[in-house]
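First up is the structure itself, then whatever we jot down about it.
Numbering (mature numbering (1 follows the signal peptide of the UniProt record, and there is no 0)), first residue to last: -22 to -1, 1 to 110.
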């Protein structure tokens, strides 16, 4: 009788363990090219800002360059501290560009929209998330 209880108990926990394992969601492996496209898509979304054609084209060109540099830094072989420093320098340069192009008010509105959209990707971005 005691053995039956032990076996039943063991069987129950094995069943629960397999059921829990089956429910773990699989996260697709997102390559850096796909991640770059996602980030660039978020940065290029300027709806609601009423930008001029010139502002929009300059912003999109800067976005492409920014994402390329960001992915180059994070994919490099430098130390994490060096990468962090490079990313923060890149961020500061970008903020200066945005303020010069859009002005303070539009930059804040644009960055608020970017931050809201980029939040779900932060875990995938790793150190690159420091740029936002």
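The beta-carbon is built from N, C-alpha and C at its ideal position, and this holds for glycine as well.
Which same chain residues, not among the five before or five after residue 109, have their C-beta less than 7 Å away from its C-beta?
In the chain shown, the residue the question calls residue 109 occupies position 131. Hits under 7 Å: 48, 65, 68 and 69.
Take residue 90 as the anchor and find which of 21, 54 and 15 has the nearest alpha-carbon.
The residue given as residue 90 occupies position 112 in the chain shown. Among 21, 54 and 15, the Cα nearest to that of residue 90 is on 21.
Distance, Cα to Cα, residue 30 vs residue 44?
For the purposes of this step, residue 30 is taken as residue 52 along the chain shown, with counting starting at 1. For the purposes of this step, residue 44 is taken as residue 66 along the chain shown, with counting starting at 1. For residue 30 and residue 44, the distance between alpha carbons rounds to 21 Å.
So, helix, strand or coil for residue 54, using DSSP?
Here the question's residue 54 lines up with position 76 in the chain shown. Residue 54: coil per DSSP, three-state reduction.
Contacts around residue 96, its chain only, beta-carbon distance under 6 Å, and the 5 residues preceding and following it disregarded
Residue numbering aside, residue 96 sits at position 118 when the chain shown is read from its first letter. If you ignore the 5 residues before and after residue 96, its C-beta comes within less than 6 Å of the C-beta of 20 and 110, all in its own chain and listed in chain order.
Under three-state DSSP, which class holds residue -22?
Counting from 1 along the chain shown, the entry for residue -22 is found at position 1. DSSP places residue -22 outside both helix and strand once states are collapsed to three, so it counts as coil.
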